[in-house]
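Working notes, structure below.
Numbering (my numbering), first residue to last: 2 to 134.
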């Protein structure tokens, strides 16, 4: 039981979601609301030195899953630009289906904030919906 959801066995997990920070809690809530029991959430809080061995240990459990990186910050901010090549290097060392992570989050932006709370919440809901679609 993880965040109110009993997950399927590793072989039946369809998507592994890697994230960092507060968005993890939004993802836990959204997964519970969606009823998805085939989405594994992985919170990564150490970017450097890159946790290659521990990440390989976790990801190797999900042989057929799609891998996505989710962040609340715009694409050109946050962790994505740093972790993308490291995730690819990690995946290259594993015998699993996923060879690249797909980005889910806000599009690139010149500003860090949407400017309006209503727009911020709409953008947040959009990428949460995409994560569990």
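Note that CB positions come from ideal geometry on N, CA and C, so glycine has one too.
CB-CB under 6 Å to residue 107, same chain, minus the five flanking residues each way: which ones, in chain order?
Cβ within range, chain order: 75 and 124.
Report back the beta-carbon spacing between residue 1 and residue 48 to the nearest angstrom; my notes put them in contact at under 8 Å.
Because the chain in this structure spans residues 2 to 134, residue 1 falls outside the shown range and cannot be described.
Quick check: what's the CA-CA separation for residue 5 versus residue 33?
Distance between the alpha carbons of residue 5 and residue 33: 6 Å.
Can you list, in chain order, the stretches of the beta strand (DSSP E) that have 3 or more residues and sit fully within the region 63 to 131?
DSSP runs (the beta strand (DSSP E)) wholly in the region 63 to 131: 67 to 75 and 103 to 107.
Return yes when the Cβ of residue 104 is within less than 7 Å of the Cβ of residue 51, no when it is not.
No, these two residues do not count as a Cβ contact at 7 Å.
Would residue 95 and residue 55 qualify as a contact pair, given that the criterion is a beta-carbon distance under 7 Å?
It is not a contact, given that the beta carbons lie outside the stated cut-off.
Rounded to the nearest angstrom, what separates residue 93 and residue 121 at their Cα positions?
Cα to Cα, the separation comes out at about 35 Å.
With a CB to CB cut of under 7 Å and the five nearest residues on each side skipped, what residues in its chain are close to residue 99?
Around residue 99: 66, 67, 68 and 92.
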